[in-house]
Amino acid sequence: MNQIDIFQNHFKAFFPEIFFVVAIMCILLYAVIYNPSARHRYPILINLTGWLGIQTLFIVILLLVNWNICQPHATVVAFHNVLITDDFSFVVKTIVALSALASVLISLDNLRNQKMYSYEYTILILFSTLSMLLITSSYDLISMYLAIELQSLSFYVLAAFRRDNEFSTEAGLKYFILGALSSGLLLFGESIIYGLTGITNFEELTKLFSCATSQNACSYTPVTSADGSALPWDSVSLFQQSHDSTLIVQVGLIFLLVAFLFKISAVPFHMWAPDVYEGAPTSVTAFFAITPKIAILALLLRLCLYTFYDFIELWQQPIAICSILSMFIGTFGAINQTKIKRLFAYSSIAHIGYMLLGLATGTIEAVESLLIYIIVYIFMIINVFAVILATPRHEVHPHFASAAQTPSLAREQVAANSSFRSSIAPWGSIYKMAPNAGFAEAGHRHLKASYPLWNPLSDSAFSDLPSLKPLPKEGGARIVTPTMAPAFGGTRVSGSNMNDGHKMKLPGTKRDTSLKYISDLRFLAEANPILAATLVAIFFSNAGIPPLAGFYGKLNVFLAAVEESMYFLALMGILCSVIGAFYSIRLVKIIYFHSSRGQDEWTQHEQISKQNAIVLGFTFFFTLFFFFFADPAFIFTLTHSAALSLCL
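Start counting the sequence shown at 19; every next residue gets the next number (this note's numbering).
If you want it as structure tokens, here you go:
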């Protein structure tokens, strides 16, 4: 092949990846040169590099769409048969790029709140996204391994990104150890296959295994080397040199399956996921939950349904068993959780079980249903983590004042707080402090502050300072002074008997954290009803309640299993879906029926950024009105063409 053909076919087909590499290098060089600059006073670049990364991902998506429009249904095997682009890789790479863009978009404010100012965060996200694009296009065992290792190295650093946090360090160490184990298993399986066949290309392995398992006599000659020349051997003589050649290949395939199941945290190789999800920073957890599993699942689909399809009797049953175990353990594990990130770790394990159910079916319809399920899952999990990342919880040590000083000092404190005006939620919220029963002492009125609902059409979210009712001047009153720190879960405060009228305890140290416990969601319905309704719709969709998107995702997977007479597998999926509805409805109960009234807490919500609001609105609209897109089925048509390009 001459240089003109290489440019017309190879470089054009993979121009999005080439542009992505160049853009990452430019962003990295810019940050390395500009960040330590004393002339510019050592600027913090996380916000700038974040937006540059978002623009880069957006351009990559445009380039992918442009190639698909200019070359519809084109299949290009490039760079000596190590990479492939087709309809299947186009759909998966577009999903990966969109999910990575959304992950960076919803995490910018959280990074600033958590004081994670290192620009390397965005660079690592971009490198891992590039690796996922290459994993999706991998058409050779060597390119597959290199792309997976690039992804893994980025993830290890991201998991331990907060070096000053022992939980993040522990998460990174666990991820590294178990990730290295899975990489070793992957490399060992590849070595077995290559040692027996002398081939690493997926297409050539497919032809070889097809002849080896065929009942009819067949010869195999078009095995190509790296320089494109044919190698003079055929499958019959090659496999007859070893008495148990097919069995050895099956052993290599088993090692590959175990490695991939480790990567996607499927049961029984899921032990790392809850600890890593909990220990990693919340923005990193969001990225882990949203993006990485897509590329590995796409590669697993290509291997099982194309390269090793002739060994379907070998891999179908283990995949089905892992699917059932993942659904059950993920569902029951999520029921007992009290921490948000661990709950969604087990929830992601359960979702992996549903995806493996589609893979175990092994048909074109199953691939189509699996891609639809991935799309629905991505939109749901993006919405959930957009809410979590947009609602930081501020822990503030309370401070108290005497009854004689409280009214004036409280007003001064409220007026002096610069973040108070910007912390009013733009969807309309009522903020109040309701003292508990211990505050209701005889002859004393309660200190309250309330706001009217904010008009979203108005230019201002702030009308007046809260009206603080005066307290009696008698000493010994049990009072509390509010701290107007922007908070979602509220600032937990408590009262104290103070007879000393000339002293006031100054505020303690404030520590910004993300939502940690499920019980922190009990303030959402009062603080921001719109966000609460959005999150409830997502939880109902996660439970598979019609007509939301989650119902259609699960329905297509179950129908694909039923069409292949895999009734037991479909029944187990339906049973786990019913059981899983328990923890979804439990979250709804916490949001709406675990009222924060009667507790000595401030209920306050930080203003949601524009980018988070856009992501929340789009994902909520998709989840709620997915049935409008079902017929005519643009998504179904797109996924069907992708399934055809993979399986035919």
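The beta-carbon is built from N, C-alpha and C at its ideal position, and this holds for glycine as well.
Sequence-distant residues of the same chain with beta carbon closer than 7 Å to residue i, five excluded per side
{"i": "Ile-113", "result": "Ile-312, Ile-392, Ile-393 and Ile-396"}
{"i": "Ala-460", "result": "Note on Ala-460: pLDDT 36, under 50, position unreliable in the model; the coordinate value appears next. No residues qualify anywhere along the chain."}
{"i": "Val-109", "result": "Leu-389, Leu-656, Thr-657 and Ala-660"}
{"i": "Leu-375", "result": "Ser-341, Val-575, Ala-579, Leu-587 and Gly-591"}
{"i": "Asn-86", "result": "Phe-108"}
{"i": "Tyr-137", "result": "Ala-49, Asn-53, Leu-63, Ile-64 and Thr-67"}
{"i": "Val-302", "result": "Leu-176, Ala-177 and Phe-179"}
{"i": "Gln-89", "result": "none"}
{"i": "Leu-214", "result": "Ser-260, Ser-263, Ile-266 and Val-267"}
{"i": "Phe-646", "result": "none"}
Own chain, CB closer than 6 Å to residue i, minus 5 neighbours either side, in chain order
{"i": "Ile-124", "result": "Ala-404, Leu-407, Asn-630 and Val-633"}
{"i": "Thr-147", "result": "Ala-118"}
{"i": "Val-175", "result": "Leu-142"}
{"i": "Ala-120", "result": "Ile-400 and Val-633"}
{"i": "Ala-384", "result": "Gly-376 and Ala-578"}
{"i": "Ser-149", "result": "Ala-165, Leu-168 and Gln-169"}
{"i": "Phe-305", "result": "Ser-121"}
{"i": "Val-94", "result": "Asn-27, Ala-31 and Thr-103"}
{"i": "Trp-445", "result": "Interpretation of Trp-445 is limited by its pLDDT of 38, a score under 50 that renders its predicted location unreliable; no figure is taken from the coordinates."}
{"i": "Gly-351", "result": "Tyr-364"}
Integer Cβ distance of residue i from residue j, believed to fall under 8 Å
{"i": "Ile-358", "j": "Tyr-535", "result": "7 Å"}
{"i": "Phe-227", "j": "Asp-328", "result": "5 Å"}
{"i": "Ala-338", "j": "Ala-284", "result": "Not confirmed; about 12 Å, so no contact."}
{"i": "Ile-79", "j": "Ser-155", "result": "Incorrect: roughly 15 Å between the Cβ atoms, too far for contact."}
{"i": "Met-134", "j": "Pro-310", "result": "That pair is no contact at about 20 Å."}
{"i": "Ile-211", "j": "Gly-270", "result": "4 Å"}
{"i": "Ser-201", "j": "Ser-170", "result": "6 Å"}
{"i": "Tyr-372", "j": "Trp-290", "result": "Rounded, the Cβ-Cβ distance is 20 Å, inconsistent with contact."}
{"i": "Phe-220", "j": "Arg-320", "result": "7 Å"}
{"i": "Ser-387", "j": "Ala-307", "result": "With 8 Å as the limit, Ser-387 and Ala-307 do not qualify as a contact, their Cβ atoms being about 21 Å apart."}
{"i": "Leu-323", "j": "Cys-665", "result": "6 Å"}
Whether residue i touches residue j by CB criterion (8 Å)
{"i": "Ala-5", "j": "Leu-542", "result": "This structure cannot settle anything about residue 5, because the visible part of the chain is limited to 19 through 666."}
{"i": "Ile-42", "j": "Leu-168", "result": "no"}
{"i": "Gly-598", "j": "Ala-368", "result": "yes"}
{"i": "Phe-558", "j": "Ser-602", "result": "yes"}
{"i": "Ala-31", "j": "Leu-75", "result": "no"}
{"i": "Leu-203", "j": "Ala-92", "result": "no"}
{"i": "Ser-186", "j": "Gly-68", "result": "no"}
{"i": "Arg-360", "j": "Pro-292", "result": "yes"}
{"i": "Phe-280", "j": "Leu-196", "result": "yes"}
{"i": "Leu-151", "j": "Glu-35", "result": "yes"}
{"i": "Val-294", "j": "Ala-189", "result": "yes"}
{"i": "Asn-27", "j": "Leu-126", "result": "no"}
{"i": "Phe-273", "j": "Gly-207", "result": "yes"}
{"i": "Tyr-570", "j": "Phe-639", "result": "no"}
{"i": "Glu-222", "j": "Thr-381", "result": "no"}
{"i": "Leu-605", "j": "Leu-539", "result": "yes"}
{"i": "Leu-81", "j": "Phe-37", "result": "yes"}
{"i": "Ser-537", "j": "Ile-653", "result": "no"}
{"i": "Thr-409", "j": "Leu-533", "result": "yes"}
{"i": "Ile-217", "j": "Ile-282", "result": "no"}
Neighbourhood of residue i by C-beta, 8 Å cutoff - its chain only, sequence neighbours within 5 removed
{"i": "Gln-268", "result": "Phe-329 and Leu-332"}
{"i": "Ala-561", "result": "Gly-568, Ser-595, Gly-598, Ala-599, Ser-602 and Ile-603"}
{"i": "Ile-45", "result": "Thr-67, Leu-70, Gly-71, Thr-74, Thr-140, Ile-141 and Leu-144"}
{"i": "Thr-641", "result": "Val-394, Phe-397, Met-398, Asn-401, Ala-555, Ile-556, Ser-559, Leu-566, Ala-567 and Gly-568"}
{"i": "Leu-662", "result": "Asp-105 and Ile-382"}
{"i": "Ile-153", "result": "Met-162, Ala-165, Ile-166, Gln-169, Ala-313, Ile-314, Ala-316 and Leu-317"}
{"i": "Phe-33", "result": "Leu-81 and Trp-85"}
{"i": "Met-584", "result": "Ala-338, Ala-378 and Thr-379"}
Proximity test, Cβ basis, 8 Å: residue i and chain B
{"i": "Ile-342", "result": "Note that chain B does not occur in the displayed structure, where there is just one protein chain."}
On the three-pair Cβ rule with 8 Å, is the segment 343-350 touching the segment 313-321? no
Can you give, in chain order, each stretch of the alpha helix (DSSP H) that sits fully within the segment 541-605 and has at least 4 residues? 542-545, 547-561 and 567-581
Segments assigned alpha helix (DSSP H), at least 4 residues, entirely inside the segment 330-387: 330-353 and 358-379
Suppose only complete runs of 4+ residues qualify. What are the alpha helix (DSSP H) ranges in the segment 145-203, listed by chain order? 159-177
Quick one: which unbroken alpha helix (DSSP H) runs of 4-plus residues sit fully inside the segment 272-308? Chain order, please. 290-297 and 300-308
Enumerate, from N- to C-terminal direction, the unbroken beta strand (DSSP E) stretches of 3 or more residues contained entirely within the segment 64-114. 94-96 and 101-103
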